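Numbering (the UniProt record's numbering), first residue to last: 1 to 658. We put the beta carbon where it would ideally sit given N, CA and C, even for glycine. These numbers come from a predicted model, not from an experiment.
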Amino acid sequence: MDSHGGSRRNSGHHAENLRTKQPEVTTFLTKESEAKSQTTQNKISPVRSWSWEIISLLFAFALLVAIIAVPAHYNDKVLKRWPYDISLNTAIAILSTFMRAAIMLVVAELIGQMGWHSLRKPRPVSDLHHFDNASRGIIGAIKLFWNVPPRLASIIAVIVIILSPAIAPFSQQAVKTVPCAQEISGSSSLPISHYVPADGSSIRMSPVQSEISHDMKATLINGLVNPNGKEADVEATCASGNCTFAENSQGVTHTSVAMCSSCLDTTEFIKLNVTNEKGGLSIVNYTLPNRQWFIPVGGQLMHTATGDVDWALGGVDSDFAEMTKRSITNLTILTSSQSACTNISKAGADCPEDRFTKDLPDPKPYRSQNAVAITCALYPCLKHYHAHVKGGKLEEKVVSKEPLTPIDIVMDDDGFGTAKNLNRTTVQSPCLVDGEEYNFDNFSRMAESTKGALTVEMDGKNYTAPRQCIYAFGFAYSMGLEVFMRDTLFNRGCNVSYQVGSPPECGSRWWLAPLYNSSYDALDTAMDDFTTAMTNNFRRQAKIGLGVSGSDKVIGTVNETTICTVFDWRWILLPAGLMAVTMALLIYVVVQSYTNTTLPIWKTSVLPLLFYGPNVLNDQTREIDVDELQRHAGKIKVEFKNDDGIRLRKIDTTATES
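Structure, rendered in structure tokens:
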């Protein structure tokens with residue numbers, strides 16, 4: 001042992017003799033080199049020491065901006081072909097990969113510096129090994145949680161490392177491709193009607209009456225028999241099979257003169273009359289105040305009638321009452337119905353009890369149906385639509401509807417009435433004209449610069465508006481419709497058929513048969529379909545009218561289905577968040593370097609262990625295996641000392657151990 005001690009003393013003496021000649025190989029600093037080192041350190045700013053990391057983080061930020069800006073530029077656009085067949089996702093993958101590398105460079109150096117910072121207090125030498133592993137990958141970062149005492153800064157840095165592999169997939173997920181519509185050249189239009197009747201759709205019988213065309217007569221009959229047939233549909237013109245139409249602030253793409261229906265359930269007005277005949281037979285008769293009737297057993301099963309409906313209003317001022325005043329005709333349907341019944345057979349049916357049940361005779365046939373009555377006002381109106389063509393199919397829905405102004409009849413002293421206005425006229429507001437929206441507040445300004453403006457009277461006021469916003473329904477034509485529905489279409493009953501299971505016998509008005517055996521809801525829908533068929537006929541034959549020739553239609557935009565890029569910015573929140581956290585950590589460490597000038601900025605460098613490390617070599621440290629060295633290092637504690645120069649000093653723990 002003495003020889004060993006003498007050898008060490010000689011070695012130390014020899015090292016003192018060579019200190020000025022070979023300072024780079026010594027394990028301790030001379031006072032002169034310590035002073036030079038302290039002077040050099042004081043001159044170097046922490047910002048300069050972290051300059052490469054700052055540049056790397058700025059580079060990562062620039063890449064993040066590119067990852068956001070490039071797909072945002074192509075958002076909802078058709079992505080054109082790039083050179084060398086590079087796709088947008090490939091570009092994002094490359095940018096995000098470089099971004100992650102730049103962030104990891106900074107975080108690795110930060111964790112390395114945190115390792116040196118942890119040695120301000122006595123810590124095992126193995127801590128440096130754990131921090132070094134954490135800066136190298138995810139496994140080492142995870143192990144850092146339980147290998148060293150947790151500190152907020154190091155925990156955050158470790159989380160950044162663990163989440164960093166998600167930067168590339170999240171960035172790529174932000175860019176998606178979806179089918180989209182691209183505007184192309186081509187024809188796109190949809191028929192509408194500004195004025196009814198169109199030229200050639202009626203025959204003038206007198207100054208106040210016209211006869212409707214044969215085509216409209218067929219439409220009215222078909223509207224009862226087969227209202228959903230394709231021959232009654234409106235067809236759009238669309239070159240590509242995908243077209244859109246400009247819409248106003250209320251979501252309306254177009255408006256047309258139409259027919260509307262408003263119905264009221266008048267079943268409550270039905271009265272039951274039971275007459276007992278000789279031989280024990282009973283006659284059950286259901287009646288309405290307007291003298292409509294039906295006898296469910298062996299008699300008339302249904303009846304339709306047009307005319308006055310004041311009996312159904314009961315003197316109450318309501319929306320329905322207002323519609324009856326504006327209508328062309330008011331229709332009442334009285335029918336027996338088994339729509340709510342079950343177990344229907346030739347012997348009868350099980351029907352829900354109603355207010356008539358207790359007064360009906362006992363035999364089941366008298367109780368095998370319910371009585372239904374409905375009264376509908378059929379009136380001219382404006383229908384506001386929203387439509388588009390998709391896959392060659394017109395998809396059109398009614399957004400709202402409003403009645404046209406009624407004909408104002410002025411009575412003279414002799415009791416003769418004169419129509420003050422020959423057209424039911426209204427003005428659409430808001431209204432689109434050449435892509436601009438107008439309403440009652442600015443119609444006059446637009447009309448002054450438009451040659452095709454007209455002045456119309458509504459509710460006692462005059463309005464000057466563009467022709468595109470004015471709609472009218474001819475008085476003479478409405479009289480022709482009323483006459484046809486009164487004399488030809490309705491006002492007839494249907495009797496029991498002699499053939500069991502067959503529809504009722506309606507004679508020459510066979511088109512009334514589908515109305516039999518219906519519920520109130522079914523009849524309400526039938527009237528809506530009936531008026532829709534009339535509306536579609538108006539639109540198919542429409543001309544612009546009002547002094548202007550040509551077809552009446554709304555012009556749309558032709559679209560072609562292609563592939564567009566969609567940028568979902570929410571997926572960028574993770575990469576951007578990791579970027580922000582890394583920037584905050586760097587700022588924290590730089591500020592820490594300013595406030596604690598005694599702590600060197602060594603980052604992940606291993607050179608400080610060679611130049612400033614403790615002399616831990618002894619007879620027991622002869623292990624070659626890394627794991628054995630790590631276990632031994634865990635028993636040796638060191639800390640920074642700045643008493644006579646910066647150095648990692650070994651802490652003597654023998655007294656504590658003993």
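Residues that residue i bridges to, as DSSP identifies them
i           : result
residue 663 : Residue 663 falls outside the range modelled here, since the chain spans only 1 to 658, and no answer is possible.
R151        : DSSP output for R151 lists no bridge partner at all.
A181        : T561
H129        : DSSP output for H129 lists no bridge partner at all.
N370        : S337
R540        : R540 pairs with nothing; no bridge assigned.
K77         : T565
K271        : T287
C238        : S188
F294        : Y286
Among the options, the one whose alpha carbon lies nearest that of residue i
i           : options                : result
K383        : A580, A91, H117, G251  : G251
D215        : L573, T597, N559, N536 : N536
M583        : Y463, S56, P46, I44    : S56
I103        : V591, L599, L586       : L586
S400        : T255, D524, T287       : T255
L599        : W116, C351, N89        : W116
K603        : F131, K121, G348, F490 : F131
S189        : T253, F356, R367       : T253
Y286        : T357, A66, S249        : T357
R136        : I111, P150, P363       : I111
L481        : Q468, G307, S210       : S210
L152        : Y477, T177, S118, K176 : S118
T375        : C263, I162, N226, L79  : C263
residue 676 : F484, I333, P504       : In the structure as shown, the chain begins at 1 and stops at 658. Residue 676 is therefore absent and cannot be evaluated.
P504        : S337, I555, N596       : S337
Y438        : S249, R48, E231, V175  : S249
E247        : W569, S213, G435, I94  : G435
Neighbourhood of residue i by C-beta, 6 Å cutoff - its chain only, sequence neighbours within 5 removed
i    : result
T275 : I283
I221 : W511
T425 : V456, A472
L144 : H130, A134, V158
E560 : Q182, I184, S240
S327 : A377, L378, Y379
T39  : Low per-residue confidence applies at T39: pLDDT is 47, beneath 50, and the placement is therefore not dependable, though the value from the model is reported in the following sentence. Cβ within range, chain order: n/a, list empty.
Euclidean distance between Cα positions of residue i and residue j
i           : j    : result
D552        : L432 : 15 Å
I139        : P83  : 40 Å
I572        : A69  : 11 Å
A108        : F567 : 31 Å
residue 680 : L313 : The displayed coordinates of the chain run from 1 to 658. Any statement about residue 680 would go beyond what the structure contains.
W50         : Y74  : 37 Å
E183        : H386 : 19 Å
P352        : R367 : 9 Å
S593        : I601 : 7 Å
E34         : P149 : In this predicted model, E34 has a pLDDT of only 45, less than 50, meaning its place in the structure is not dependable; the value taken from the coordinates is given anyway. So the two alpha carbons sit approximately 31 Å from each other.
I295        : E322 : 32 Å
Cβ-Cβ distance between residue i and residue j below 9 Å
i    : j    : result
R492 : H303 : yes
V581 : Q113 : no
N335 : L454 : A quick correction: the sequence has Thr, not Asn, at residue 335. Going by C-beta atoms, T335 is not nearer than 9 Å to L454.
A234 : E395 : Reading the sequence as shown, one finds Val at residue 234 and not Ala. No. Outside cutoff.
I470 : Q428 : yes
V297 : N330 : no
E430 : P403 : First, the residue type needs correcting, since residue 430 is Pro and not Glu in the sequence shown. Against a cut-off of 9 Å, the Cβ pair of P403 and P430 comes out as no contact.
P365 : A377 : no
I86  : S171 : no
A373 : Q300 : no
S193 : F538 : yes
G392 : C180 : no
S164 : R100 : yes
P289 : F269 : yes
P227 : T488 : no
F530 : L224 : yes
Contact set for residue i: own chain, Cβ-Cβ below 7 Å, skip 5 residues either direction
i           : result
S339        : N517, S518, S519, A522
residue 659 : A question about residue 659 goes unanswered here, because the residues of the chain that appear run from 1 up to 658.
residue 696 : Because the chain is modelled from 1 through 658, residue 696 falls outside the range shown and cannot be assessed.
F98         : L63
H388        : C243, T244, F245, E395
A576        : L64
Beta-carbon proximity list for residue i, same chain, < 8 Å, skipping 5 on both sides
i    : result
E32  : For E32, the predicted structure reports a pLDDT of 43, less than 50, and the residue's modelled location is therefore unreliable. A value from the coordinates is still provided. For E32, where only same-chain residues beyond five positions count, there are no Cβ hits under 8 Å.
E53  : L105, V106, E109, L110, L586
V160 : I103, V107, L578, V581, T582, L585
C341 : A349, D350, C351, P352, S368, Q369, N370
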